[in-house]
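Notes to accompany the following structure.
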Amino acid sequence: MLFTNVKVFTPEGFMHGGFVVEGGRFAEVFEGGRAGGADLGGACVIPGLVDIHTHGAAGADFSDGDPDGLTRMAAHLAKCGVTSFAPTSMTLPYETLEQAFRTAVQLSVHRPDGCARVMGIHMEGPYFSEKKKGAQNGAFLKPPDLEGFRGLFEGCGGLIRIVDVAAELPGAAEFARGAKALCTVSVAHTDAAYDEAAAVFDAGAGHLTHLFNAMPPIHHRRPGVIGAASERDFVAAELICDGLHVHPSAVRMAFRLFPWRICLISDSLRCCGMPDGEYELGGQQVFLSGGVARLADGTIAGAASDLYADMLNAIRFGVDRDEAIRAATIRPAGEIGRADEIGSIEQGKLADFVVCGDDLTPRAVYIGGKKV
């Protein structure tokens, strides 16, 4: 199918032109006009967003291990303009994770129409620090366990694309050195000092989970994990941009600390898209009120917004528009090893895109060239 008269977001930025979709993929992307096809009236078209850190939505949580729930979550994300995602687990027993991972494999192989694509798994926990566990369930924390992780990885056919570890734990560097051959290794929920974090990054970690959250703040005499990550050009950093987890000034700071290396994420919970009330996360009660999700002790427990809203927030906070789009599309796609399939509008890639206004307000979402 031919789509014309659009402002297409390409790897170089927006250009006026169009594109052709054949067999669910972009067969051609061109500049200028062309007769025939679907005239989109000068609308903007951006790649479908890629959320590599989302626990749940629409009342469902990935860690439930419920195929129907994960399908409901995928349908909700698709309607929000998130066309690919890596469902994210919590700190839970291995047998619970195994069941959840099986549901991800199932949906990755057989994607129902109108659902976002499962393009990986983000394993957040259980290799975390007690001090910085945040909303993770402390009862299930474990030291880094390469053999146990390898079993989980093989059990889901290698669908795990990111695994997290706290850098100060004994064996963290050895874990990163071994796990990097399997997937992206991320430092997360950590109280690591600079030297501890630097050792784990140099051993193979190349990612930082939800920058600023569940880690020590940066200090001029104690730069910590943030300092170690920012000075290493190979480390990408996730950023929650719901306006609650990170102040707008710190959002702008993040894009300067990590130029071309920020991945916007939602960190959304099952309460995303749901009314205020009581929910569950990793065996713990979560209370949503006024858009803020907290544990009973007041700890912020993840987010209630979706990635598309967060991308718009980033722009509203002063982040360059094109850079915000990249941070929500091609960059996270690369962190899960899927940049050759998703994340940009280029010939040969899956035809996942969002038609939107000049202010990027979404009008229609397409997955594989089919309207959601």
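Sequential numbering of the sequence shown, starting at 2, is according to the working numbering. Every residue gets a Cβ at the ideal spot worked out from N, C-alpha and C, and that includes glycine. As the structure is a prediction and not an experimental result, all values here were calculated from the model.
Terminal residues of the beta strand (DSSP E) in which residue i lies
| i | result |
| --- | --- |
| ILE241 | 237 to 241 |
| PRO88 | 83 to 88 |
| ASN28 | The identity of residue 28 in the sequence shown is Ala, whereas the question assumes Asn. Note, ALA28: beta strand (DSSP E), 26 to 32. |
| VAL252 | Unbroken run through VAL252 is the alpha helix (DSSP H), 249 to 258; no beta strand (DSSP E). |
| THR185 | 185 to 188 |
Classification of residue i by the beta-carbon crowding that lies within 10 angstroms, buried from 16 upward
| i | result |
| --- | --- |
| ASP353 | buried |
| HIS246 | buried |
| ALA199 | buried |
| GLU239 | buried |
| PRO127 | buried |
| GLU1 | No information on residue 1 is available, as it lies outside the stretch 2 to 373 that the chain covers here. |
| THR362 | exposed |
| ALA182 | exposed |
| GLY43 | exposed |
| GLU23 | exposed |
| MET2 | exposed |
| ALA177 | buried |
Host alpha helix (DSSP H) of residue i (start-end)
| i | result |
| --- | --- |
| ASN138 | Here ASN138 belongs to no alpha helix (DSSP H), and DSSP marks it neither H nor E. |
| LEU282 | Unbroken run through LEU282 is the beta strand (DSSP E), 278 to 282; no alpha helix (DSSP H). |
| THR72 | 68 to 80 |
| THR104 | 95 to 110 |
| ALA444 | Because residue 444 is not part of the residues shown, which for the chain are 2 to 373, the question remains open. |
| PHE150 | 147 to 156 |
| ASP341 | Element bounds for ASP341: n/a, residue is neither H nor E. |
| LEU308 | 308 to 317 |
| ALA180 | 173 to 180 |
| ILE326 | 322 to 328 |
| GLU169 | Neither: GLU169 is in no alpha helix (DSSP H) and is coded neither H nor E. |
| ASP203 | 195 to 204 |
Supposed contact pair residue j and residue i - C-beta distance, whole angstroms, cut 8 Å
| i | j | result |
| --- | --- | --- |
| ILE241 | ALA304 | 6 Å |
| THR55 | PRO94 | Not confirmed; about 21 Å, so no contact. |
| ILE53 | PRO333 | 4 Å |
| GLN61 | ARG339 | Going by the sequence as given, residue 61 is Ala instead of Gln. The pair is not a contact, with the Cβ atoms about 23 Å apart (cut-off 8 Å). |
| PRO113 | PRO144 | Their Cβ separation, rounded to whole angstroms, is 39 Å, which puts PRO113 and PRO144 out of contact at 8 Å. |
| LEU147 | GLY179 | 5 Å |
| ALA136 | ALA302 | 4 Å |
| GLU101 | LEU78 | For the record, residue 101 in the displayed sequence is Ala; it is not Glu. That belief does not hold up - the Cβ atoms of ALA101 and LEU78 are roughly 17 Å apart, past 8 Å. |
| GLN285 | ASN138 | 6 Å |
| PHE235 | GLY278 | Going by Cβ atoms, the distance from PHE235 to GLY278 rounds to 42 Å, so no, they are not a contact pair. |
| PHE27 | GLY349 | 7 Å |
| ALA328 | LEU258 | Actually they are not in contact, since the Cβ atoms of ALA328 and LEU258 sit about 13 Å apart, beyond 8 Å. |
| SER64 | SER85 | Actually they do not touch by this definition, with Cβ atoms about 20 Å apart. |
| SER306 | SER269 | 7 Å |
| ALA215 | LYS80 | Wrong, their Cβ atoms sit about 29 Å apart, outside the cutoff. |
| GLY149 | GLU99 | Going by Cβ atoms, the distance from GLY149 to GLU99 rounds to 11 Å, so no, they are not a contact pair. |
| MET16 | GLU29 | In fact, because the Cβ distance is near 14 Å, the residues do not count as touching under 8 Å. |
| ARG151 | CYS184 | 11 Å between Cβ atoms; not a contact. |
Under 8 Å between C-beta atoms of residue i and residue j
| i | j | result |
| --- | --- | --- |
| ALA168 | VAL188 | yes |
| PRO12 | GLU347 | yes |
| VAL366 | GLY49 | yes |
| GLY14 | ASP323 | yes |
| TYR309 | VAL83 | yes |
| GLY9 | VAL46 | It should be noted that the sequence gives Val, not Gly, for residue 9. Closer than 8 Å, so yes. |
| LEU192 | PRO217 | One detail in the question is off: residue 192 reads as Asp in this sequence, not Leu. Yes. Within cutoff. |
| GLY66 | THR104 | yes |
| VAL119 | SER130 | no |
| GLY369 | GLY38 | no |
| ALA194 | ARG223 | yes |
| GLY115 | VAL293 | no |
| ILE326 | MET312 | yes |
| ALA174 | VAL201 | yes |
Residues that residue i bridges to, as DSSP identifies them
| i | result |
| --- | --- |
| VAL356 | VAL46 and ALA365 |
| MET124 | VAL164 |
| LYS8 | HIS17 and CYS45 |
| LYS372 | TYR367 |
| CYS264 | GLU239 |
| LEU289 | GLY278 and ALA294 |
| ARG118 | SER85 |
| ALA230 | DSSP output for ALA230 lists no bridge partner at all. |
| ASP52 | PHE86 |
| ASP40 | THR5 |
| GLY57 | ASP62 |
| SER269 | ALA304 |
| GLU23 | ARG26 |
Cutoff 8 Å: residue i Cβ touching any chain C Cβ
| i | result |
| --- | --- |
| ASP307 | Included in the structure is just one protein chain, with no chain C present. |
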